[in-house]
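K.L.:
These protein sequence lines are chains R and V, in that order.
Residue numbers 248 to 553, in my numbering, belong to the letters of the first sequence in order.
Residue numbers 7 to 313, in my numbering, belong to the letters of the second sequence in order.
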Amino acid sequence: MKGSLAYYAWCIFLLAVIFVGLKFYIIQLDQGLINTNMRDQVSWGLYIANFTYLVGIAAAAVLLVIPAYIYHFDPIKEIVVFGELFSASSIIMALMFVFVDIGRPDRFWHLIPFIGKLAFPDSLLAWDVLVLNGYLFLNIFVPVYILVRSYYQKEPNKRTVVPIILLSIPWAVGIHTVTAFLYNGLAARPFWNASILAPRFLASAFCSGPAIIIIIFQVIRKVSKVKIENEALFKIAELIAYAMFLNLFLLGAEIFKEYYSDTVHLAPLTYLYKGLEGHTTLVPWIWTSLSMNLVAFLIFLIPTNR
Amino acid sequence: MGQRMWIMSGNLYTRRTFMKILSAGFAAGLGGINASCKKVINEEFFQKYFSEMTDEEKKRVVQRLEEKYLKKYGKSTRISFGEAKPNTLWGYGLDLSRCIGCRRCVYACVRENNNSRYKPQLHWIRVIRLKKGNLINLENAEHYYNPDKVPEEGFIYMPVQCQQCENPPCVKVCPVHATWKEPDGLVVVDYDWCIGCRYCMAACPYKGRVFNWAEPNIPKEELNTAMHYFGNRPRMKNVVDKCTFCIQRVRSGKYPACVEACPTGTRKFGNLLDKNSEIRYLIENKRVFRLKEDLNTEPKFYYFFSL
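1) Helix, strand or coil for V:M207 per DSSP?
2) Indicate whether at least one CB of chain V lies closer than 9 Å to the CB of R:V345.
3) Just reading off the alpha helix (DSSP H) that R:Y398 is part of, what are its end residues?
4) Let me see if you follow: with CB-CB separation under 9 Å, is R:H423 close to chain V or not?
5) Quick one: which residues of the segment 193–222 of chain V get their C-beta closer than 9 Å to a C-beta of chain R? List them in chain order.
6) What ranges does the alpha helix (DSSP H) occupy inside the segment 186–269 of chain V, keeping only unbroken runs of at least 4 residues that lie completely in it?
7) How about V:P175 and V:P211: do their beta carbons lie closer than 9 Å?
8) Looking at R:A296: is its Cβ nearer than 9 Å to the Cβ of R:I422?
9) Give, in chain order, every unbroken run of the alpha helix (DSSP H) that is at least 4 residues long and sits entirely within the segment 109–133 of chain V.
10) For the putative contact between V:I253 and V:F236, defined by C-beta atoms under 8 Å, what is the C-beta separation to the nearest angstrom?
11) Determine, using beta carbons only, whether R:T299 and R:T426 come nearer to each other than 9 Å.
12) R:I467 bridges to which residues according to DSSP?
13) Of the residues R:K401, R:F438, R:L495, R:V409, which one's Cα is nearest the Cα of R:F388?
14) Counting only runs of 3+ residues fully inside the segment 125–184 of chain V, write out the beta strand (DSSP E) ranges in chain order.
15) Between the segment 346–362 of chain R and the segment 391–400 of chain R, are three or more C-beta pairs nearer than 8 Å?
16) Using DSSP with H/G/I as helix, E/B as strand and the rest coil, what is R:V511?
17) Quick check on V:K274: does DSSP put it in helix, strand or coil?
18) Can you tell me whether DSSP reads R:H526 as helix, strand or coil?
19) Beta-carbon of V:F236 versus every beta-carbon of chain R: anything under 9 Å?
20) Would the beta-carbon of R:I326 fall within 9 Å of that of R:F464?
21) Check the Cβ of R:L280 against every Cβ in chain V and list those closer than 7 Å, keeping chain order.
22) Is it buried or exposed for R:S455, if we count other Cβ within 10 angstroms and need 16 for buried?
23) Sorted by chain position, which residues of the same chain lie with C-beta nearer than 8 Å to V:E158's C-beta, five sequence neighbours on each side aside?
24) Should V:L297 and V:Q170 be called a contact, given that it needs their Cβ atoms to be closer than 9 Å?
25) Does any residue of chain R bring its CB to less than 9 Å from the CB of V:P174?
26) From V:S57 to V:Q69, what distance separates their C-alpha atoms?
27) Check the Cβ-Cβ distances between V:N143 and every residue of chain R, and say whether any is below 9 Å.
28) Let me know the secondary structure DSSP gives V:F295 once reduced to three states.
29) Taking the beta carbon of V:T272 as the centre, do at least 16 other beta carbons fall within 10 Å, making it buried, or is it exposed?
30) With a threshold of 6 Å on Cβ separation, who are the neighbours of R:L449 within its own chain once the five nearest residues in sequence on each side are excluded?
31) If we define contact as Cβ-Cβ less than 9 Å, is V:L71 a contact residue for chain R?
32) Grab the span of the beta strand (DSSP E) containing V:F310 for me, first residue to last.
33) Between the Cα of R:L310 and those of R:I273, R:F333, R:A373, R:I533, spot the shortest distance and give me the residue it belongs to.
34) Please list the segments of the alpha helix (DSSP H) lying wholly inside the segment 420–501 of chain R, counting only runs of 4 or more residues, in order along the chain.
35) Label V:F307 either buried or exposed according to how many other C-beta atoms from any shown protein chain fall within 10 Å of its C-beta, with 16 as the threshold for buried.
36) Is R:I349 close to chain V? Criterion is C-beta to C-beta, closer than 9 Å.
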């Protein structure tokens, strides 16, 4: 199979973007993380935020796997491999974000179990290292296995593949729960130190992940001969509606708790939605996000709109 | 079949030349580094976890570090591994009635501990200004107060540094065990093991830890050459550091630099396990409190008002 001109142009564009990123990363390696403009006051920034986001959308592949393998919903069953590959690539991106965020990547080997000194089970970051790499393995193994079997014109052996795929379902929930617990366990950060964090993370991940998957499927339909039935996309949209409802409900719960109790812990929410003492940089972002959530929810709620 | 072979060999061909070019460039780059430099880089890269090093290896590490500092700062240094004294648990007392917010402690600490002076400016001690009548609500604290004269009317000043918690959340979250609590209660960081993930900074409720965002800028003339491996030896970029109660001083019978620098006698220090120490007297006779006690971190930093 040879790609079209557009395909190679897209690949070259992506390589150019990678090259630019690499150039800036080398500057960061040389001068230190001071170039990120993070400081002691905000020592975790876009790197970790994007890492969390990518772990979330990687977990969302489970929303394809469950209909395909547990409910045997055929329109999705044909395209679940795409979901798994999507997961694998977002996990790779998430792991790379961690890699560029840590100050001493030359000491990366300290994180490898038995070779370094991974602080398992005390540190949630240690858990994250293990579950993310495990999930990456699961999501690479299945598509590669299926591809290799089909190259030799053989059907994939169900007894090999299905247990692994079934394992990836709780594992997917696990990766985003562990990532949520990373923040959740910090007593020093009251905005994060709330039980609602893990459910909220999962709910919002199950909205954003399948949304990207839908976009990717539309692109695949346009540029290739792979057939994806409308029913598959409708089902995914329906699942997004359920997840979005949960997401908005949990957001409402958070907002009620802070605004009604009106303690000093209201400050982070005020900072996000109104700004604190003149610092309003994040305010337009959170309101845009909130309105997009609401609009998406209403669109996907009504079946004819999907 | 033949066509596939062509494509395959075509792919292999381009991949092979790519690898050739890549490895040639890599070898050329490596060849540019001379032999001794490579040895140091190798030793630094493979340095083992502190408690797993033999005494020989630790000596070699200190030797390498002293050579490095000699080259960088032009001064010969003495780096000790001074261990915790037995039956010792260091505690700190702070008399909030006396602090005038002059920040002499902050700068004495910077000088004693070889902190970066600028880009980034790292202070292990933060003095915060609180309005009288509004004490525990730290939301209204001001760290960047800058009047012409201190103390200002209607305010009190509260210095905060690493509280050397007995139940430290930072130690719990470090993914590589780069930070731990020593037997004498001091929470230390092995700067050569830290991977710079800053999770400990997120976990600390007191903002006790700072990060070397760039290679520290220390003026050569001001380098303090009496160093401890876990204390004031110059750090490198992208690792975390924090107050160690001047581990290089207290383990050899001296007071921390901040205690000696304070002009009003605000700071008290001693061994919590010694019945006759000043800090024990304070805890038993003054109304001491600690910050954020509801977080169960059990800090060793006792605040009180003597007046």
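For every residue, glycine included, the Cβ atom is placed at its ideal position computed from N, Cα and C.
P.N.:
Once the coordinates are examined:
1) helix
2) yes
3) 371–398
4) no
5) D198, W199, C200, I201, G202, C203, R204, Y205, M207, A208, A209, C210, P211, Y212, K213, R215, V216, F217, N218, W219, A220, E221
6) 205–209, 253–256, 263–267
7) yes
8) no
9) 110–118
10) 6 Å
11) yes
12) DSSP lists no partner for R:I467.
13) R:V409
14) 132–137, 161–166
15) no
16) helix
17) strand
18) strand
19) no
20) yes
21) W219, N244
22) buried
23) G107, R135, Y151
24) no
25) no
26) 18 Å
27) yes
28) strand
29) buried
30) H423
31) no
32) 307–310
33) R:F333
34) 444–470
35) buried
36) yes
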